[in-house]
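A short write-up of the structure that comes next.
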Amino acid sequence: MTWFTNDRFGMFVHWGLYSLAARHEWVKTRERMTDDEYRPYFDHFDPDRYDPAAWARTARVAGMRYVVLTTKHHDGFCLWDSDLTDYKVTNTPYGRDLVEPFVEACRAEGLKVGFYHSLIDWHHPAFPVDGTHPQRDSQSVPAGDIAEYRRYLHGQVSELLTRYGTIDYLFFDFSYSTRTEWWGGKGPEDWGSKELLATVRELQPGILVNDRLGIPGDFVTPEQYQPSGPLAELWEACQTLNGSWGYDRDNLDYKSADLLIRMLVDGVSKGGNLLLNVGPNGRGEIDPHAAAVLAEIGSWMDLHERAIRGCGPSEFTAPSDCRLTQNGDRLYLHLFSWPLRHVHLPGLAGKVRYAQLLNDASEIRQVTTDPGQTAHNTRMGGQPSGTLTLELPVSPPGTPVPVIELFLS
6 MTWFTNDRFG MFVHWGLYSL AARHEWVKTR ERMTDDEYRP YFDHFDPDRY
56 DPAAWARTAR VAGMRYVVLT TKHHDGFCLW DSDLTDYKVT NTPYGRDLVE
106 PFVEACRAEG LKVGFYHSLI DWHHPAFPVD GTHPQRDSQS VPAGDIAEYR
156 RYLHGQVSEL LTRYGTIDYL FFDFSYSTRT EWWGGKGPED WGSKELLATV
206 RELQPGILVN DRLGIPGDFV TPEQYQPSGP LAELWEACQT LNGSWGYDRD
256 NLDYKSADLL IRMLVDGVSK GGNLLLNVGP NGRGEIDPHA AAVLAEIGSW
306 MDLHERAIRG CGPSEFTAPS DCRLTQNGDR LYLHLFSWPL RHVHLPGLAG
356 KVRYAQLLND ASEIRQVTTD PGQTAHNTRM GGQPSGTLTL ELPVSPPGTP
406 VPVIELFLS
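This is the structure in C-alpha cells:
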C-alpha cells in the first residue's frame, strides 16, 4: 500500500459512448433507451483527438500520481479489443484499442495505472434486468442468466489483467443487493466475488482492489462526499468536477479549484486519498473548463506538494478552519481562512524549532505568552498552557490555501 498512501492524489477518467450523448454517463437508463436507441453512439464513436499522452501529462502537472480509466461502464461498451464481445471500440469507426495507448502514456509520465470495470452490464443479454436497467419497465425482456453473465465478467477481467503488463489498481463498480431504491439488486454471490478477487490476486499479485465487490478490499470508496473524520479503513474519496462522471455538456456546476484543493487537504488530514474525475468529450479531449481547474490545482501542488505527498493525519489538534497534515518531523498547517496577525496552536509550545510559509520559505515568527497574561489595549491576553502562537503577515500569500511548514523538535 506504500505508493497509494504516499501519492494521495489520482485522476479518474470516465469515457465511453455516453460522451457523445453528452448528458451524463447514466443516460441510457435515465432515458430508458433500448439498445437500438443507444446504437447511434456506437456507430459514430470516432474520437479523432484522443491523445492519452496529453491526459497523462495533464494529470502529472496537476499533481496526480495515478490514473484510473473506465475500461467498461454500465452500458457494457468495452474500450479494448475483447475476445468475448462484439460490443467494443474496435468495431466502431475508431477501430482501435484505447486501453493500450492509455497504459503506455501513463507509464511514460511515471504514473501508476488503474482500471475501472463495471460489474453491471446493460447491454449483455444474460445480465438479468433489475431496477437499474434501462428496460426495467419492459414486459418483454428475457429473464437473463446470471451464471452465464458471471463467466463473461470473469473472462473480461482476466483479459484486462493479462494484456497490458503490471496494473496497479482496480476499481470495481458496484454491488447493490441491499440498496432498497433498486429491485433485483446484485451482490457478491451474483458476481462470484470471492473467486473473482482470487483470480485478480493471482494474475496481478501487487494490485490494489477497492471494496465494491461487496466483500472487503484494500480500501473503501466514499463517493461524492467527504468523510467527517478519519475512517477505520484505508480510504479514497472519488469526486467529480461538476457532479457528472461522464462528459455532460450542459452541466456547468463546476467546483472551484479552491474548493477542490481544500477537499484534497481535508482528505489527507483524515488519512484519505482523492480520486478526482474528468469526463473527456466525444472527440477524446478534456474540456477546457476542466483543464483550467486542473491547471490551477497543479499550480498549488507545485509549491505545496510536500504538504500532501507522503503525509497523513497529525496527532496535534488543528485550530478552527485549518487542517494539519504531517510527514515525520514536518507538520503542515493549511489555513482555509487567513486570520488577522495570529494563529494559536494548542500543544505545540516548545515543540517547533522553525516555521515558514511553504510557498516562499519566508520565516513565520513564533510567540509564546504567559497563560495568566491579561489582555490590555494593544496587548492580547494569554493563551492556554502549551499553546504556540504564530505571528502572520496581514496580507496572505496569493495562493488558494496558504500552508505553514513547521519543523518539529
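First residue of the sequence shown: 6, per this note's numbering; consecutive thereafter.
Where is the CB? At the ideal position from N, CA and C, for every residue including glycine.
Source: prediction; values computed, not measured.
Q: Count the other CB atoms, across all protein chains shown, that sit within 10 Å of the CB of H309; report buried if there are 16 or more and exposed otherwise.
A: buried
Q. Are the segment 286 to 298 and the segment 19 to 27 touching by the rule of at least three beta carbon pairs closer than 8 Å?
A. yes
**Q.** Cut-off 7 Å between Cβ atoms - residues of its own chain near R35, not counting five sequence neighbours on either side
**A.** H29
**Q.** Best match in D48, V348, Y55 and S233 for proximity to F82 [C-alpha to C-alpha]
**A.** D48
Q: Go ahead and pull the three-state DSSP assignment for W8.
A: helix
(Q) Buried or exposed for L103, going by 16 or more other Cβ atoms inside 10 Å? (A) buried
Q. Between which two residues does the beta strand (DSSP E) harbouring D178 extend?
A. Y174 to D178
Q.
To the nearest angstrom, how far is the alpha carbon of L116 from that of G391?
A. 43 Å
**Q.** D326 burial status per 10 Å Cβ neighbour count (16 or more: buried)
**A.** exposed
Q: Could you work out which residue in V66, F14, W85 and H128 is closest to E42 when comparing CA atoms only?
A: H128
(Q) Within a Cβ cutoff of 7 Å, which residues of the same chain sit near H349, ignoring the five residues on either side of it in sequence? (A) P324, Q388, T392 and T394
Q) Going by DSSP, which residues form a beta bridge with N332? A) R335
Q) What residues in its chain sit with their C-beta under 6 Å from that of F414, if we drop five residues either side in the sequence? A) One detail in the question is off: residue 414 reads as Ser in this sequence, not Phe. So the qualifying residues of the chain are K356 and R358.
Q: Tell me whether K199 is buried or exposed, calling it buried when 16 or more other Cβ atoms sit within 10 Å of its Cβ.
A: exposed
**Q.** Cβ separation of Q331 and G352, assumed to be a contact under 8 Å, to the nearest whole Å
**A.** Contact flag wrong, Cβ pair sits at about 13 Å.
Q | DSSP-derived helix/strand/coil call for M38 | A | coil
Q) If we count the other Cβ atoms within 10 Å of its Cβ and call it buried at 16 or more, is R254 buried or exposed? A) exposed
**Q.** Beta-carbon proximity check, R267 vs V406, cutoff 8 Å
**A.** yes
Q: For the beta strand (DSSP E) containing I369, list its first residue and its last residue.
A: From DSSP, I369 is part of no beta strand (DSSP E); its letter is neither H nor E.
**Q.** Best match in T183, W250 and P235 for proximity to G219 [C-alpha to C-alpha]
**A.** T183
Q.
For a quick check, are the C-beta atoms of L363 and I369 less than 8 Å apart?
A. no
Q) Taking Cβ to Cβ, would you say L124 is nearer than 8 Å to S180? A) yes
Q: Determine contact between the segment 154 to 171 and the segment 128 to 143, defined as no fewer than three beta-carbon pairs at a distance below 8 Å.
A: yes
Q | Proximity winner among P98, E207, A312 and V32, relative to L411 (alpha-carbon distances) | A | A312
Q.
Rounded to the nearest angstrom, what separates W8 and T171 at their Cα positions?
A. 14 Å
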